[in-house]
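The opening position of the sequence shown corresponds to residue 946 in the working numbering, with each subsequent residue numbered one higher. Glycine is no exception: its CB is placed at the ideal position from the N, C-alpha and C atoms.
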Amino acid sequence: MKFIGYSFLSTFIAIFVFISCNDQTTGTDSDTNGDSGNGPHPSQFNHTLSPGSSNEAFITDTDFDQLIVEVQYMPGSAPTNGSLDNLKEFLETHLDKASVILLDPVEIPSGGQDAYSAEDVRDLEKQHREQFTDGSTLASYAIFLDGEFSTRNVLGIAYYNTSTAYFAETIHRISGGIGQPSRSAIESTVFNHEYGHLMGLVNNGTDMQHDHHDSDNGAHCTVEECLMYFSVNTTDFFANLFGGSVPELDEFCVADINALK
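In structure tokens, the structure reads:
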């Protein structure tokens, strides 16, 4: 994918707008056994619902007191250790779980495509996913692909109620160079943002305690500094990102989560 020679800030602003504004909420309620087509499925948990449908399963310990996250990647697309550590910390902070376990990332074959659609991603999960919800353990799935999304400049999508995907070609293109944020910082931002969608933020399953839903931009927050804001347009934010930090959930998103616990 050719990199257009805009200034980095302008380019990254445009890219961040699409971190998850086009979340693929086309899951179905009809698959009552949650069969993704690969491996055993010992429970009746449905893994093919829309993002946000399992918000209580993620946030509370009522039915599931442990979360495991299965991470797979195509050659050359492995996530950084830093982003995995940051995701674990994010989930431990905001979910009411006795334990959060990120399994060691596993390489899978390349899909052999320059770009992947949401349907392509669903098919790949059906082929490769190994971990499924069982007993009191909720299972989540994350896949890093060796191409871009079919909608240009999208970094990640939440496409099922327990599933997210990340587009390494785009992430690598905008990170790690002179004047660019680290890859770990960008991956961490996208990781956390997409898992925010699985948690039903904002107003997409998890009820709001205060009105902070940016209804013009899908399930996103009106607070510009929030992790769940639909875009970035302040230099202060980029200064923080250059320093290696990632945006956090604002007080309204945190209040929504805490009210459900």
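Three-state secondary structure assigned by DSSP to residue i
i	result
Ala-1130	helix
Phe-990	coil
Thr-1151	coil
Leu-1029	helix
Ile-1116	helix
Phe-961	Confidence at Phe-961 is low in this model, with a pLDDT of 44, below 50, so the placement of that residue should be treated as unreliable; the coordinate-derived value is given next. Residue state, collapsed to three classes: helix.
Glu-1075	coil
Phe-1175	coil
His-1165	coil
Glu-1193	coil
His-1138	helix
Ser-1108	strand
Ala-1060	strand
Glu-1170	coil
Inter-residue spacing [alpha-carbon to alpha-carbon] between residue i and residue j
i	j	result
Asp-976	Ala-1204	Here Asp-976 scores only 40 on pLDDT, less than 50, and its place in the model should not be relied on; the value that follows carries that caveat. Answer to the nearest angstrom: the Cα atoms are 30 Å apart.
Asp-980	Gln-1076	At Asp-980, the pLDDT of 49 sits below 50, so the modelled position is not reliable; the number obtained from the coordinates is stated separately. Answer to the nearest angstrom: the Cα atoms are 11 Å apart.
Asp-1079	Gln-1011	10 Å
Ala-1043	Val-1016	20 Å
Thr-993	Ser-1062	16 Å
Asn-1137	Phe-1035	7 Å
Asp-1091	Gly-1056	8 Å
Tyr-1018	Pro-1024	8 Å
His-999	Tyr-1105	Reading the sequence as shown, one finds Ser at residue 999 and not His. Computed Cα separation, rounded: 9 Å.
Gly-1141	Tyr-1086	14 Å
Gly-1122	Thr-1107	32 Å
Asn-1098	Leu-1143	21 Å
Met-1153	Asp-1059	39 Å
Ser-1081	Asp-1008	6 Å
Val-1147	Cys-1166	6 Å
Glu-1193	Gln-989	34 Å
Phe-1112	Ser-1127	16 Å
8 Å contact criterion, which residue i and residue j should meet: CB distance rounded
i	j	result
Leu-1040	Ile-1013	Not a contact, Cβ separation roughly 12 Å.
Glu-1070	Ile-1088	7 Å
Gly-1027	Ser-1120	With 8 Å as the limit, Gly-1027 and Ser-1120 do not qualify as a contact, their Cβ atoms being about 12 Å apart.
Phe-1175	Asp-1159	6 Å
Val-1135	Leu-1100	5 Å
N- and C-terminal bounds of the beta strand (DSSP E) containing residue i
i	result
Ala-1084	1082-1090
Ala-1103	1101-1105
Val-1045	1044-1047
Gln-1125	Run containing Gln-1125: none; DSSP gives neither H nor E here.
Leu-1040	Where Leu-1040 is concerned, there is no enclosing beta strand (DSSP E), given that its DSSP letter is neither H nor E.
Val-1014	1011-1018
Local Cβ density within 10 Å of residue i, reported as buried at 16 or more and exposed below that
i	result
Ser-1022	buried
Asp-1156	exposed
Pro-1020	exposed
Arg-1074	buried
Glu-1093	buried
Pro-996	buried
Pro-1054	exposed
Thr-1151	buried
Glu-1139	buried
Val-1191	buried
Glu-1052	exposed
Glu-1132	buried
Gly-1145	buried
Asp-1030	exposed
Terminal residues of the alpha helix (DSSP H) in which residue i lies
i	result
Asn-1000	1000-1004
Gln-1205	A small correction: the amino acid at residue 1205 is Leu; Gln does not occupy that position in the sequence shown. Note, Leu-1205: alpha helix (DSSP H), 1196-1205.
C-beta neighbour in chain C for residue i, strict 8 Å
i	result
Tyr-1140	The structure shown has no chain C; it contains just one protein chain.
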